[in-house]
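Just add 136 to the spot in the sequence shown (first one is 1) and you have the numbering used here.
Here a beta-carbon is modelled for each residue, glycine too, at the ideal position from N, C-alpha and C.
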Amino acid sequence: MIAITTWMEHFLTALHKTFGDRISFIGLQGSYARGEASDTSDIDVVVILDSVSAADLKDYRAMLDPLPHRDRICGFFSGKQELLNWEPSDLFQFYYDTIPVEGSLDDLLERITPNAVDRAVKIGACNIYHACVHNMLHEKNEELLKGLYKSATFTIQAICFRQTGCYVRHLTELLDKVSLEEQNIIRTYLAVKNGQNVTFFDDSEQLFLWAKKWITEDYKK
137 MIAITTWMEH
147 FLTALHKTFG
157 DRISFIGLQG
167 SYARGEASDT
177 SDIDVVVILD
187 SVSAADLKDY
197 RAMLDPLPHR
207 DRICGFFSGK
217 QELLNWEPSD
227 LFQFYYDTIP
237 VEGSLDDLLE
247 RITPNAVDRA
257 VKIGACNIYH
267 ACVHNMLHEK
277 NEELLKGLYK
287 SATFTIQAIC
297 FRQTGCYVRH
307 LTELLDKVSL
317 EEQNIIRTYL
327 AVKNGQNVTF
337 FDDSEQLFLW
347 AKKWITEDYK
357 K
């Protein structure tokens with residue numbers, strides 16, 4: 137597994153050399169931010185500049201290419217104004233899943249309203265439903281199904297936040313905060329993540345019915 141502290145030191149040195157005082161925010165997302173990384177985990181870095189041009193994208197790519205584990209580097213790269221005007225339902229997960237390294241994302245909080253969280257749940261459920269139906273009918277792809285379960289855990293985090301006011305970062309802790317149906321989704325995801333084989337139809341049906349419920353029922357309590 138990548139020594140993320142050492143890797144981030146190299147990354148920060150290169151980033152400051154490339155963009156200097158134009159940097160507004162640097163953060164880390166995903167499994168490395170949660171302390172749950174595995175040997176195959178990506179490095180999800182967040183970089184926000186004062187503004188971003190196509191030339192900046194070229195410079196950032198050139199900066200990343202010599203870094204160790206280049207094939208694992210992904211994340212989010214944006215200008216500040218673009219982020220401040222981003223779709224609010226996306227900002228919910230973005231804000232709460234990002235660990236600040238330099239700077240703050242607190243300017244986003246006023247945009248993460250109850251309505252934005254509602255939309256995050258509804259959009260998440262709709263996307264999962266559509267992709268699940270498509271996969272059951274056409275692709276029959278187990279890897280795609282695993283990815284949908286991962287996406288469902290993000291939607292469950294939004295459901296929990298809307299119902300309790302608490303964002304729960306770790307899935308093992310989230311199990312204690314949600315209903316039995318959500319627990320089953322999380323447990324299935326954790327099982328397949330840890331190597332358990334997918335039971336394609338049964339696991340697809342569970343996810344399909346769960347997404348259908350959140351599309352058609354009022355979950356606000």
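In three-state DSSP terms, what is residue i?
i	result
Leu345	helix
Ser160	strand
Pro250	helix
Pro236	strand
Lys357	Only weak support is given to the placement of Lys357: the predicted model assigns it a pLDDT of 43, under 50, and the question is left unresolved by the model.
Gly283	helix
Leu203	coil
Gly260	helix
Leu241	coil
His270	helix
Ala173	coil
What distance in whole Å lies between the Cβ atoms of residue j and residue i, which are believed to be in contact at a cut-off of 8 Å?
i	j	result
Thr289	Ile322	6 Å
Glu318	Ile351	Not confirmed; about 15 Å, so no contact.
Lys216	Ser287	Actually they are not in contact, since the Cβ atoms of Lys216 and Ser287 sit about 27 Å apart, beyond 8 Å.
Tyr303	Gln293	7 Å
Is residue i near residue j, with beta carbons less than 7 Å apart?
i	j	result
Ser340	Cys268	yes
Val257	Thr291	yes
Arg247	Leu227	yes
Asp186	Arg158	yes
Arg305	Val253	no
Arg208	Ile179	yes
Met199	Ala173	no
Asn399	Asn263	Not covered by the structure: residue 399. The range shown for the chain is 137 to 357.
Ser225	Ile259	yes
Leu241	Tyr231	yes
Return the bridge partner residues of residue i from the DSSP annotation.
i	result
Asp180	Gln165 and Cys210
Gly301	Its beta-bridge partners do not exist; DSSP assigns none.
Gly331	Note: Gly331 sits in no beta bridge, so no partner.
Gly215	Leu185
Looking at C-alpha atoms only, which residue of the options is the closest neighbour of residue i?
i	options	result
Glu218	Arg197, Leu244, Gly239 and Leu200	Leu244
Pro202	Phe147, Tyr303, Glu317 and Gly260	Phe147
Ala261	Gln165, Ala169 and Lys348	Lys348
Leu281	Leu311, Leu193, Gln229 and Gln342	Gln342
Val181	Gly163, Glu238 and Asp207	Gly163
Tyr168	Pro236, Trp346, Asn330 and Leu311	Pro236
Asp192	Ser177, Phe213 and Pro204	Phe213
Phe344	Gly166, Leu326 and Asn320	Asn320
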